[in-house]
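**Student:** Below you will find the structure I want to go over with you.
2 protein chains.
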Amino acid sequence: MSSDQVQTKLKKAAWEYCFSVDVWKDRFPFTRWLPKYRPNKILNDIIAGLTVGLTVLPQALAYANIAKLPLVYGLYSAFVGSFMYCIFGMSKDITVGPTAIMSLLVADYGKPLDDGSEDALNDPTYAVLLAFFCGIIQIGMGILHLGFVTNYISSVVISGFTSASALTIGFGQIKNILGIRFHSEVFTLDLYNIFKHIGETKWADCTLGICCIVTLVALRMVKNKSQNSLNQLNSSSPWQRRVIWKTLWIIGTGRNAIVVIIASGVVYALISNDYDGYITITGNVTSGLPPFQLPDFQAPGILTYLRVGLIIVPLIGFLENIAIAKGFARQNGYRVESNQELIALGFCNMGGSFVSSYPTTGSFSRSAINSQSSVASPLGGLVTGSLVLLALAFLTPAFYYIPKAALAAVIIFSVFFMLDYQIVGHLWKIRKWELLTLIATFFPSLHLGVEYGTMIGIGVDLLMLLFPVAKPSYKVEQGNPLVIRFKQGLRYPAADRLQTVLDEEALLIDEPKSVILDMKHINAIDFSIAEELQDSAKAFEKAGKKLAVVNARSSVKKILDRTDIKSLPIYESVEVATERISATRPAPSPAEMEAFDTPL
Amino acid sequence: MSSDQVQTKLKKAAWEYCFSVDVWKDRFPFTRWLPKYRPNKILNDIIAGLTVGLTVLPQALAYANIAKLPLVYGLYSAFVGSFMYCIFGMSKDITVGPTAIMSLLVADYGKPLDDGSEDALNDPTYAVLLAFFCGIIQIGMGILHLGFVTNYISSVVISGFTSASALTIGFGQIKNILGIRFHSEVFTLDLYNIFKHIGETKWADCTLGICCIVTLVALRMVKNKSQNSLNQLNSSSPWQRRVIWKTLWIIGTGRNAIVVIIASGVVYALISNDYDGYITITGNVTSGLPPFQLPDFQAPGILTYLRVGLIIVPLIGFLENIAIAKGFARQNGYRVESNQELIALGFCNMGGSFVSSYPTTGSFSRSAINSQSSVASPLGGLVTGSLVLLALAFLTPAFYYIPKAALAAVIIFSVFFMLDYQIVGHLWKIRKWELLTLIATFFPSLHLGVEYGTMIGIGVDLLMLLFPVAKPSYKVEQGNPLVIRFKQGLRYPAADRLQTVLDEEALLIDEPKSVILDMKHINAIDFSIAEELQDSAKAFEKAGKKLAVVNARSSVKKILDRTDIKSLPIYESVEVATERISATRPAPSPAEMEAFDTPL
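Printed below as a string of structure tokens:
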């Protein structure tokens, strides 16, 4: 088949691909599940949607706090994701919205608001811009089928940065429990500042915070108990017991909302009785729905503030989302596809940025609640999103009374379960080397921020994975010319090794020798190796010796031919090469030249 | 041999290693070359040292400008490297000091000085701290033999970031040639600002700048001509001609100094005749030697300002240095060793930080001059360093008159030769894929800064290199149970692939099947793969099916045994596994359970 024919075929295939109904249906998964939707499932979806909604309201306010944004931005970020994911998502269980880790990342790529307030809030403009670019990048990656890049983040790195995030987020909230104020960005500084300011603790805040945590622990135990009982009850048990257990389960699941409502009630009662100022409260929250508008692309220094966040935030967001989606897909027996999930998440973020959302992703805790509530389709998300919109429209005045310590308790309690200390024991038992990856991720994350910790962890993982690529083993067959045979591939990380081997075995020894490089085992080479061979061939020529290649496979030979190295002949076999090299009268070496020169 | 015996042997070997004279001599290379030093070479070293010194003086002042530091810091950085490298370095040709690329990087990790001056200078405290930490990190990497990490930076990425640096640095100086003022960090903003402010051009500055560039071009042509002539002349030609050509060569080599001196002379004459203010000049330069003191470790927010610079600066510095060292080592027939070069460079930087130096490395242009001047040993560096000290002690008052346009001309002219446009053609011819790496390095470097461009380029390179690791090919042998056989290694990037294959081939199909995973071709697995197998085994068990492993090599079996996966049996062969799996009565699958449940 001629190259023209191939091109015509390829074009036709691409054309057919772009206009195939199936391909477009894959892009809009709702076209597959909606027609099959059974109306009797609608109650499941409504109950699940409401349960998730009860969780997302307090979480959204609390997470906005982590993201260093005005609390209402948490709610702005909590509804578009649900709507968009309905159209583009493949998993019925996933609920997209603000999460603890995304909020932590967003806090790092902001510009401090210079409004003279005591709180170290960031300018939301940049967080919204980050959501927009994050969306664009995720959609682009999905279209280009780049979902696989997150495969290079090993589960050890994920565990390390998750634990470090949990510690950073949790300790970042201790000050709100204690009612003290200071500004610090990373875990280590937080720890230092907590001890420094511990004398300023406000006892009312502290008492309230501890009460909230205790209540949360108790309600969680209720939920676990009811969960177990619900599992044991079969459909034949009396409906009263079923109702009791179900009610307890809902109370346990809605614990965040319950704690926040009770704590706010206490504060409201105190303030109504003129006991004002004892407990640090949220204060005024902007009322009403967010405006529908483009992000502010005119904001100064966008790139200065967002920088590496433009890479990290879309990636980590996708990583969280796909891990959750694949987990629930297995559990509930359906399929998700990485690149479509990227596109879905991208639309959630881009769409969100038009209503002042900051970057969001799938939330593990809320998706679990969704799944446990037997959600039947992504339609549950519509209910959740609508509940958030209603809260924005009517509930904001009540948010005034929410105590900061209660929100802090919600955060601390929810990130506590993100701490994965068991992995240390597992790694110790299974493969100790990888503890190095964990350490290289965890500790830098605490001190430099999770984004740098993650990058360092990935770096260490890759170094361990690639070590053999940089140090391919080789064998030397003594003689003149020397025959050097590399045992594995020669790709760019091995360029330095190649040079060192040639130098140490043949070129920089007392009497330089010619070398035959046997490429029998080499699958592929690249530009760096070709360039290195060119340099080496020149160096051999200068020393009056020869460098030759033998047994090159066609892929290797093609690259060498294109590089067109004058002084690097390619022969079929070691024998031919030995014969030719011995036959050519070598040019005088510099040493001989000098010997010639001296008498004059 | 028992494990105890091995340990004893290892300890003994380590002990001997630490106390062997040879090992310590390798750490202080001057102990090898100094005893063999022939006094008749001293003239070579002095001439080379002076020639390099003439180049480093104007370059140091100009590069400090790139680094956004007061000009005198260029000189502070230009002498300790020469002294330290004398002790620890292996290459006679290398001269360590400020370079264009290091200066560009240093500019990015500073804290703006709030001294109300018009120039956007950074606080030198942080640059000096960066030098200190850069030194410590380089020494540490050298001791731990981590010199190989730079092997993962391919020559394509190096070419991309070098060209982008050259463009950024060059365009960053255009404003000084035009005599206009604005503040911008990256190439794209510079370009924008130049066009915006072009109307404010000061013609005196511009004329002077262009004159300087023309003179530099002319002097370089003189040098090349004299170089060729010198090469053609043999020792029998009349000494007059030799002297003429050699003089021309020195004039050409010292062109930077000549241009700066003449330009300063013109300014001095103008100012003496009351034509003040026409040409933008350097102004007051702190006089005298720098104080010998520890860097200021009490400076606030060290990590905030230095952050990723702590990784990038030591690495790029070493990369520049080792590339130059290996190049000259080949050319002049001696050896260098990566890890010793790291240690040498580390001491240059750490030592430098005690006299207010910013991070330095080997300079290509000055090393080339050193080599062309037939330097015989690192002693030439002592001469260069002393010349810089003398300049600091006595010449600083003269620096007042140096026109900024002249320094800008020196920079623009020297970075021009760093532009590597030819690589585009080479890559197009040799291996088009790698153009992607070049693009991914070059353009982000221009807009986000070279450090991010370099990281993106390395990322793209690694993705292309590791693509087969993430997508190992496999073969399915139909039947019940299915036999799945991966053809290459299974390491963490393949964990996702493994899950997808199991899901799509066996678990999430209409009738789930048991699977036998044939590990015949698998060399090694890691924690992520073991964890994935554990998850998969659980999922198979839940579906009432079996997942089993056969033909595991000992290294793979060891990790699986340690992971201790209850529901993942390991059998010797496919036959045994088939038999056992068929024998066990499978637990009812969820589908069957549901069928059972419905009638009730």
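Protein sequences appear in the order of chains A and B. Numbering of the first sequence is given in our numbering, commencing with residue 58 and proceeding in unit increments. Numbering of the second sequence is given in our numbering, commencing with residue 58 and proceeding in unit increments. Where is the CB? At the ideal position from N, CA and C, for every residue including glycine.
1) List the residues that DSSP assigns as beta-bridge partners of residue 461 of chain B.
2) Quick one: measure Cβ to Cβ for residue 315 of chain B and residue 324 of chain B, integer angstroms, because I've assumed they're closer than 8 angstroms.
3) Roughly how many whole angstroms lie between the Cα atoms of residue 640 of chain A and residue 633 of chain A?
4) Does any residue of chain B have a CB that is nearer than 8 angstroms to the CB of residue 509 of chain A?
5) Taking residue 514 of chain B as the reference, give the member of B/216, B/613, B/368 and B/179 with the closest Cα.
6) What three-state label does DSSP hand residue 516 of chain B in the structure shown?
7) Run the proximity test for residue 85 of chain B: is its beta-carbon closer than 7 angstroms to any non-hydrogen atom belonging to the ligand MG?
8) Could you check whether the Cβ of residue 571 of chain A sits closer than 8 angstroms to any Cβ belonging to chain B?
9) Which residues does DSSP pair with residue 573 of chain B in a beta bridge?
10) Of all the CB atoms in chain B, is at least one closer than 8 angstroms to the CB of residue 378 of chain A?
11) Alpha carbon to alpha carbon, how far is residue 15 of chain B from residue 622 of chain A?
12) Helix or strand or just coil, what does DSSP make of residue 22 of chain B?
13) Quick check on residue 454 of chain B: does DSSP put it in helix, strand or coil?
14) Tell me the residue span of the beta strand (DSSP E) that contains residue 531 of chain B.
15) Around the C-beta of residue 332 of chain B, are 16 or more other C-beta atoms found within 10 angstroms, so that it is buried, or is it exposed?
16) Please report the Cβ distance between residue 102 of chain B and residue 422 of chain B, rounded to the nearest whole angstrom; I am assuming they are in contact, meaning their Cβ atoms lie under 8 angstroms.
17) Counting only the same chain and skipping the five closest in sequence on each side, list residues whose C-beta sits under 8 angstroms from that of residue 348 of chain B.
18) Please report the distance separating the alpha-carbon of residue 136 of chain A from that of residue 116 of chain A.
19) For residue 635 of chain A and residue 388 of chain B, what's the separation of their Cα atoms in angstroms?
20) Starting from the beta carbon of residue 304 of chain A, find every residue of chain B whose beta carbon is closer than 9 angstroms, and list them in chain order.
21) Relative to the C-alpha of residue 571 of chain A, which candidate in A/171, A/595 and A/78 has its C-alpha closest?
22) What does residue 567 of chain B reach in chain A if we use C-beta pairs closer than 8 angstroms?
23) My understanding is that residue 129 of chain A touches residue 342 of chain A, with C-beta atoms under 8 angstroms, so please give their C-beta distance in whole angstroms.
24) With 8 angstroms as the threshold, decide whether the Cβ of residue 655 of chain A is near any Cβ in chain B.
25) Taking only beta-carbon positions, decide if residue 299 of chain B is within less than 8 angstroms of chain D.
26) When the Cβ atoms of the stretch 545 to 555 of chain B are set against those of the stretch 242 to 254 of chain B, are three or more pairs found closer than 8 angstroms?
27) List the residues of chain B whose Cβ lies closer than 7 angstroms to the Cβ of residue 550 of chain A, in chain order.
28) Determine contact between the stretch 463 to 470 of chain B and the stretch 215 to 231 of chain B, defined as no fewer than three beta-carbon pairs at a distance below 8 angstroms.
29) Beta carbons nearer than 7 angstroms to chain A: which residues of the stretch 579 to 606 of chain B have them?
30) Using three-state DSSP, classify residue 153 of chain B as helix, strand or coil.
31) Does residue 317 of chain A pass the burial test, meaning 16 or more other C-beta atoms within 10 Å, or should it be called exposed?
32) Find the nearest neighbour of residue 236 of chain A within the set A/391, A/258 and A/426, judged by alpha-carbon distance.
33) Could you check whether the Cβ of residue 95 of chain A sits closer than 8 angstroms to any Cβ belonging to chain B?
34) Between residue 104 of chain A and residue 113 of chain A, what straight-line distance do the alpha-carbon atoms span, to the nearest angstrom?
35) If we count the other Cβ atoms within 10 Å of its Cβ and call it buried at 16 or more, is residue 542 of chain B buried or exposed?
36) Between residue 381 of chain B and residue 587 of chain A, is the Cβ-Cβ spacing less than 8 angstroms?
**Tutor:** Result, derived from the coordinates:
1) The residue you call residue 461 of chain B lines up with position 404 of the second sequence. DSSP, once it has assigned bridges, lists no residue as partnering residue 461 of chain B.
2) As a first step, residue 315 of chain B is located in the second sequence; it is residue number 258 there, counting from the start. As a first step, residue 324 of chain B is located in the second sequence; it is residue number 267 there, counting from the start. Wrong, their Cβ atoms sit about 15 angstroms apart, outside the cutoff.
3) Here the question's residue 640 of chain A lines up with position 583 in the first sequence. Here the question's residue 633 of chain A lines up with position 576 in the first sequence. Whole-angstrom Cα-Cα distance: 11 angstroms.
4) Position 452 of the first sequence holds residue 509 of chain A. Closer than 8 angstroms: yes.
5) Position 457 of the second sequence holds residue 514 of chain B. Minimum Cα distance to residue 514 of chain B is reached at B/216.
6) In the second sequence, residue 516 of chain B corresponds to position 459, counting from 1. Residue 516 of chain B falls in the helix class under three-state DSSP.
7) Looking for the ligand MG in the displayed structure turns up nothing, as the structure carries no ligands at all.
8) Working through the first sequence from its first residue, we reach residue 571 of chain A at position 514. So, not an interface residue.
9) In the second sequence, residue 573 of chain B corresponds to position 516, counting from 1. DSSP output for residue 573 of chain B lists B/540 and B/605 as bridge partner(s).
10) As a working mapping, residue 378 of chain A is identified with position 321 in the first sequence. No, because no Cβ of chain B sits closer than 8 angstroms to the Cβ of residue 378 of chain A.
11) Residue 15 of chain B cannot be examined here, being either before or after the span of chain B that is shown, 58 to 657.
12) Any answer about residue 22 of chain B is impossible in this case: the structure gives chain B only from 58 up to 657.
13) The residue you call residue 454 of chain B lines up with position 397 of the second sequence. Three-state result, residue 454 of chain B: helix.
14) The residue you call residue 531 of chain B lines up with position 474 of the second sequence. Where residue 531 of chain B is concerned, the enclosing beta strand (DSSP E) stretches over 531 to 534.
15) Looking up residue 332 of chain B in the second sequence gives position 275. Answer is exposed; the Cβ neighbour count stays below 16.
16) Counting from 1 along the second sequence, the entry for residue 102 of chain B is found at position 45. Counting from 1 along the second sequence, the entry for residue 422 of chain B is found at position 365. The pair is not a contact, with the Cβ atoms about 19 angstroms apart (cut-off 8 angstroms).
17) Taking the first residue of the second sequence as 1, we reach residue 348 of chain B at position 291. 412 and 413.
18) Position 79 of the first sequence, counted from the first residue, corresponds to residue 136 of chain A. Position 59 of the first sequence, counted from the first residue, corresponds to residue 116 of chain A. Each residue's Cα considered, the two are about 13 angstroms apart.
19) The residue you call residue 635 of chain A lines up with position 578 of the first sequence. The residue you call residue 388 of chain B lines up with position 331 of the second sequence. In a straight line, the C-alpha of residue 635 of chain A is about 26 angstroms away from that of residue 388 of chain B.
20) Residue 304 of chain A sits at position 247 when you count from the first residue of the first sequence. Correct list: empty, because the minimum Cβ distance to chain B is about 24 angstroms.
21) Within the first sequence, the letter at position 514 stands for residue 571 of chain A. The option with the nearest alpha carbon to residue 571 of chain A is A/595.
22) For the purposes of this step, residue 567 of chain B is identified with residue 510 of the second sequence, where counting begins at 1. In chain order: nothing, as chain A lies at least about 11 angstroms away.
23) As a position in the first sequence, residue 129 of chain A is number 72, starting the count at 1. As a position in the first sequence, residue 342 of chain A is number 285, starting the count at 1. Right, their Cβ atoms sit about 5 angstroms apart.
24) Within the first sequence, the letter at position 598 stands for residue 655 of chain A. Its pLDDT being 33, under 50, residue 655 of chain A is placed unreliably by the model, and the measurement read from it follows with that caveat. Taking Cβ atoms only, chain B never reaches closer than 8 angstroms to residue 655 of chain A, which makes this a no.
25) Included in the structure are the protein chains A and B, with no chain D among them.
26) no
27) Sequence index remark: in the first sequence, residue 550 of chain A carries index 493 (1-based). Here the neighbours are 208 and 209.
28) yes
29) 583, 584, 585, 587, 588 and 596
30) Your numbering for residue 153 of chain B matches position 96 in the second sequence. Residue state, collapsed to three classes: strand.
31) Indexing the first sequence from 1 puts residue 317 of chain A at position 260. It counts as buried.
32) Here residue 236 of chain A refers to the residue found at position 179 when the first sequence is read from its first residue. Of the candidates A/391, A/258 and A/426, the one whose C-alpha sits nearest the C-alpha of residue 236 of chain A is A/258.
33) Numbered from 1 along the first sequence, position 38 holds the residue referred to as residue 95 of chain A. For residue 95 of chain A, the answer is no, since every Cβ of chain B falls outside 8 angstroms of its Cβ.
34) Residue numbering aside, residue 104 of chain A sits at position 47 when the first sequence is read from its first letter. Residue numbering aside, residue 113 of chain A sits at position 56 when the first sequence is read from its first letter. Taking the straight line joining both Cα atoms gives about 14 angstroms.
35) The residue you call residue 542 of chain B lines up with position 485 of the second sequence. So residue 542 of chain B ends up on the buried side.
36) Within the second sequence, numbered from 1, the residue matching residue 381 of chain B stands at position 324. Within the first sequence, numbered from 1, the residue matching residue 587 of chain A stands at position 530. No; because the gap between Cβ atoms is not below 8 angstroms, this pair is not in contact.
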